[in-house]
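Number of protein chains: 2
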Amino acid sequence: MAMNEYIRQLLSSGEHDFLPSLSVDCVILGFHENQLKVLLLKHRYMDIWALPGGFIYKDEPTDAAAMRVLRERTGLNEIFLRQFYIFGEPERSQREFHIRDLEKDGINVNDDHWILQRFVTIGYYALVEFSKVNLLPYTIAEKSMWWDIHDLPEFMLDHRKILDKAIETLRIQLNYQPIGYNLLPEKFTLTELQNLYETILDKNLDRRNFQRKIISYQILRRLNEKKKGVPHKSPYLHSFDIEKYNDALNKGFNAGW
Amino acid sequence: MAMNEYIRQLLSSGEHDFLPSLSVDCVILGFHENQLKVLLLKHRYMDIWALPGGFIYKDEPTDAAAMRVLRERTGLNEIFLRQFYIFGEPERSQREFHIRDLEKDGINVNDDHWILQRFVTIGYYALVEFSKVNLLPYTIAEKSMWWDIHDLPEFMLDHRKILDKAIETLRIQLNYQPIGYNLLPEKFTLTELQNLYETILDKNLDRRNFQRKIISYQILRRLNEKKKGVPHKSPYLHSFDIEKYNDALNKGFNAGW
Chain A
-9 MAMNEYIRQL LSSGEHDFLP SLSVDCVILG FHENQLKVLL LKHRYMDIWA LPGGFIYKDE
51 PTDAAAMRVL RERTGLNEIF LRQFYIFGEP ERSQREFHIR DLEKDGINVN DDHWILQRFV
111 TIGYYALVEF SKVNLLPYTI AEKSMWWDIH DLPEFMLDHR KILDKAIETL RIQLNYQPIG
171 YNLLPEKFTL TELQNLYETI LDKNLDRRNF QRKIISYQIL RRLNEKKKGV PHKSPYLHSF
231 DIEKYNDALN KGFNAGW
Chain B
-9 MAMNEYIRQL LSSGEHDFLP SLSVDCVILG FHENQLKVLL LKHRYMDIWA LPGGFIYKDE
51 PTDAAAMRVL RERTGLNEIF LRQFYIFGEP ERSQREFHIR DLEKDGINVN DDHWILQRFV
111 TIGYYALVEF SKVNLLPYTI AEKSMWWDIH DLPEFMLDHR KILDKAIETL RIQLNYQPIG
171 YNLLPEKFTL TELQNLYETI LDKNLDRRNF QRKIISYQIL RRLNEKKKGV PHKSPYLHSF
231 DIEKYNDALN KGFNAGW
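As you go down the protein sequences, you meet chains A and B in turn. For reference, each letter of the first sequence is one residue, going -9 to 247 in the numbering used here. For reference, each letter of the second sequence is one residue, going -9 to 247 in the numbering used here.
Set out below in structure tokens:
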């Protein structure tokens, strides 16, 4: 569907199809080669970038809406999304911003149009191994792209604030929940796992301390196999013990990185 | 205002005044004499209990709405409320439940009435010293009451689930944020602080370990004053160093209780 046609359809059926006042926005963080990246969509007219977001069908759970929006917008599927914050300030909804865009689309809407109302948005985040993702062409953005979180573009509306809050939440959660499944290859070294933690926390961790702690949570299985092609002493490969990993996800622990 | 009049007014102006689809529910936890209690409102016809909740004005920040609802419903003011979760399942909104109540009120509403729509609710929680609270008579409930969290009544709709999620969240946050301000008297002993932690965590903590950790966070000031009327050796009184306490609130630490 062409972009303009998609927008016209959304504007005409949105009020009937979706819960009023509510939207979802997804912070999709990708990890690859010790870089943390975020998936952003380019605005259709300006060089500003947005989180993948959308609306909630009237009979749809909010969590399912976030998952669907992500699938529709990016082709990503079966990702564990987690709600992390509600952005509920009235000022975040900027009517003029949307009116200007729609004028460029050649579309006029009434002052009381559904799309111009105030939206409270539910922030969701997910972590993925970003090299595994095939981005789909998206109907409402010129393109989607992974951006290094240390080198970000200008954002649309309050989306930078939503991203920052997601990363802050993730860093805190790292202190009481395991992380890494879906982000690392099936078999990995402890150094690769440490790199992931260091990248998310944005700080260096003591190697011996990290290894002692992470092993003590008993979420890892050391394989009878060593990493090849590494200079000097080859390190052992590990994998997650998924049962214990999920158990730790639910019960939590206290790492204090 | 009499209860019935209040309800009629809400029903007639609600659609105009409030954001559609969204509500707030407040989990107010009170601590007193080593007991953790929750503030609940009795349903106007049944012996089931509800969290104080309400709606969001069209131009009101969601956080401010939670604060206002709490003030209106309970007389509590200037409490630090924190959003902790969105409850977004369609099944949580039960039309028949409200239709039945309104019939008993002698009020008939149309099938498409605002009050019968689906509501996504934002859960907020707060901690207070409950002996300091003067509960106000409430317009829509027969009475409000503190309930021990180990001895709870039957709940309205999904409110038990909301309470459980709040307590779960609080226990996790206790591991990386200080707690106690607003909950303890200005001067307190380390044993009183430990009792608070033990009550929230619902488990015993090792005394020496607790004291060493809590002192290491440097959020406390030991006063040159001892607790009186205590058998055996009188313990020192402490107070919070509010600047450092707030600093720890923002930056977090890693306790791992």
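Yeah, the Cβ is synthetic: ideal placement off N, Cα and C, and Gly gets one too.
Hey, would you say E182 of chain A sits closer than 8 Å to S229 of chain A, going by beta carbons?
-> Within the first sequence, the letter at position 192 stands for residue 182 of chain A. Within the first sequence, the letter at position 239 stands for residue 229 of chain A. The answer is no: Cβ separation not under 8 Å.
Closest Cα partner of L210 of chain A within the set A:V220, A:T64, A:L174, A:L195 | Working through the first sequence from its first residue, we reach residue 210 of chain A at position 220. Of A:V220, A:T64, A:L174, A:L195, the residue nearest in Cα terms is A:L174.
Using three-state DSSP, classify K216 of chain A as helix, strand or coil.
-> Reading the first sequence from its first residue, position 226 is the one you call residue 216 of chain A. Strand, per DSSP.
Would you mind working out which of B:L213, B:I162, B:Y115 sits nearest A238 of chain A, comparing C-alpha positions?
-> Residue 238 of chain A sits at position 248 when you count from the first residue of the first sequence. Comparing Cα positions, the closest option is B:I162.
Please confirm if R108 of chain B has its CB atom under 8 Å from at least one CB of chain A.
-> Position 118 of the second sequence, counting from 1, holds the residue named residue 108 of chain B. So yes, R108 of chain B belongs to the interface.
Closer than 7 Å at the beta carbon, the chain A residues around Y166 of chain B = For this step, residue 166 of chain B is matched to residue 176 along the second sequence. The contacting residues are I162, N165.
First and last residue of the beta strand (DSSP E) that includes A116 of chain A?
-> Here residue 116 of chain A is taken as the residue at index 126 of the first sequence, counted from 1. 110 to 119 is the span of the beta strand (DSSP E), which, as asked, contains A116 of chain A.
Would you mind stating whether L41 of chain A and L26 of chain A have Cβ atoms separated by less than 8 Å?
-> Looking up residue 41 of chain A in the first sequence gives position 51. Looking up residue 26 of chain A in the first sequence gives position 36. Their beta carbons are not under 8 Å apart, which means L41 of chain A does not touch L26 of chain A by this criterion.
Taking the continuous alpha helix (DSSP H) assigned at Q201 of chain B, which residues delimit it?
-> Along the second sequence, read from residue 1 onward, the residue named residue 201 of chain B stands at position 211. 197 to 206 is the extent of the alpha helix (DSSP H) around Q201 of chain B.
Return the Cβ separation of G43 of chain A and F120 of chain A in integer angstroms, given the expectation that the two are a contact with Cβ distance under 8 Å.
-> Counting from one through the first sequence, the residue named residue 43 of chain A turns up at place 53. Counting from one through the first sequence, the residue named residue 120 of chain A turns up at place 130. No, G43 of chain A and F120 of chain A are not in contact; Cβ-Cβ is about 19 Å, not under 8 Å.
Does G43 of chain B come within less than 8 Å of chain A when only Cβ atoms are used?
-> Along the second sequence, read from residue 1 onward, the residue named residue 43 of chain B stands at position 53. Output row for G43 of chain B: interface = no.
Distance between beta carbons of L66 of chain A and V14 of chain A, contact taken as under 8 Å = Residue 14 of chain A sits at position 24 when you count from the first residue of the first sequence. Residue 66 of chain A sits at position 76 when you count from the first residue of the first sequence. Actually they do not touch by this definition, with Cβ atoms about 14 Å apart.
Same chain only: Cβ atoms within 8 Å of E93 of chain A, ignoring 5 sequence neighbours per side = The count along the first sequence starts at 1 and reaches residue 93 of chain A at position 103. Nothing listed; no residue qualifies.
At least one CB of chain D closer than 8 Å to the CB of K203 of chain B: is that the case?
-> Given the protein chain composition of this structure (A and B), no chain D is represented.
Would you mind working out which of A:N124, A:A116, A:N199, A:L227 sits nearest L212 of chain A, comparing C-alpha positions?
-> The residue labelled residue 212 of chain A in the question sits at position 222 within the first sequence. With the sequence shown as reference, residue 212 of chain A is identified as Arg, and Leu is not the correct amino acid for it. Among A:N124, A:A116, A:N199, A:L227, the Cα nearest to that of R212 of chain A belongs to A:L227.
Between M(-7) of chain A and R34 of chain A, is the Cβ-Cβ spacing less than 8 Å?
-> As a working note, residue -7 of chain A is residue 3 in the first sequence. As a working note, residue 34 of chain A is residue 44 in the first sequence. Yes, these two residues count as a Cβ contact at 8 Å.
Does I152 of chain B have its Cβ less than 8 Å from a Cβ in chain A?
-> As a working note, residue 152 of chain B is residue 162 in the second sequence. No - not a single Cβ of chain A is within 8 Å of the one on I152 of chain B.
DSSP state of Y166 of chain B, grouped into three classes?
-> Taking the second sequence and counting its residues from 1, the one referred to as residue 166 of chain B is at position 176. Coil.
Excluding the 5 residues preceding and the 5 following G78 of chain B in the sequence, name in chain order all residues of the same chain whose CB lies nearer than 6 Å to its CB.
-> Within the second sequence, numbered from 1, the residue matching residue 78 of chain B stands at position 88. Here the set comprises V110.
Helix, strand or coil: which one does DSSP assign to G4 of chain A?
-> Translated into positions along the first sequence, residue 4 of chain A becomes position 14. G4 of chain A: helix per DSSP, three-state reduction.
Around the C-beta of F178 of chain B, are 16 or more other C-beta atoms found within 10 angstroms, so that it is buried, or is it exposed?
-> Numbered from 1 along the second sequence, position 188 holds the residue referred to as residue 178 of chain B. Classification for F178 of chain B: buried.
Say whether chain B places a C-beta atom closer than 8 Å to the C-beta of T111 of chain A.
-> For the purposes of this step, residue 111 of chain A is taken as the residue at position 121 of the first sequence. Judged by the 8 Å Cβ criterion, T111 of chain A is not in contact with chain B.
Check each residue of the segment 68 to 91 of chain B: if its Cβ is closer than 8 Å to any Cβ of chain A, include it; give the result in chain order.
-> Q73, Y75, I76, G78, E79, P80
8 Å Cβ cutoff met for I112 of chain B and L60 of chain B | Your numbering for residue 112 of chain B matches position 122 in the second sequence. Your numbering for residue 60 of chain B matches position 70 in the second sequence. No.
Top-ranked residue by Cα proximity to N24 of chain B, from B:R202, B:I152, B:K155, B:D138 | As a working mapping, residue 24 of chain B is identified with position 34 in the second sequence. Considering only alpha carbons, the answer is B:D138.
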